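Peer 1:
In my numbering, the protein residues as written are 33 to 93.
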């Protein structure tokens, strides 16, 4: 399916440098620095347990 679309110029594939392989966050064990870098690139946030508890407490009020 993808191969046909590429051959017919329906879609175009681009090289993505290893540094920006965002799927690594879901498929590999990563160090803290790399994990936080990818979280930021994906527009996600990483919360500590304490922060999550504070957010839960605010909702309950």
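Ideal Cβ placement from N, Cα and C applies to all residues, glycine included. All figures in this text were calculated on a predicted structure; none of them were measured in a lab.
Do residue 67 and residue 57 count as a contact pair if the criterion is CB distance below 8 Å?
Peer 2: Residue 57 sits at position 25 when you count from the first residue of the chain shown. Residue 67 sits at position 35 when you count from the first residue of the chain shown. With a cutoff of 8 Å on beta-carbon distance, residue 57 and residue 67 are scored as near each other.
Peer 1: From residue 37 to residue 61, what does the alpha carbon distance come to, in whole angstroms?
Peer 2: On the chain shown, residue 37 is found 5 positions in, with the first residue counted as 1. On the chain shown, residue 61 is found 29 positions in, with the first residue counted as 1. Roughly 33 Å separates the two Cα atoms.
Peer 1: Under 8 Å by Cβ, that's how I've got residue 74 and residue 54 pegged, so tell me the actual separation to the nearest angstrom.
Peer 2: Your numbering for residue 74 matches position 42 in the chain shown. Your numbering for residue 54 matches position 22 in the chain shown. Confirmed, Cβ separation roughly 6 Å.
Peer 1: When DSSP labels each residue in this structure, what does residue 43 get in the three-state scheme?
Peer 2: Here residue 43 corresponds to residue number 11 of the chain shown, with the count starting at 1. DSSP places residue 43 in coil when its eight states are reduced to three.
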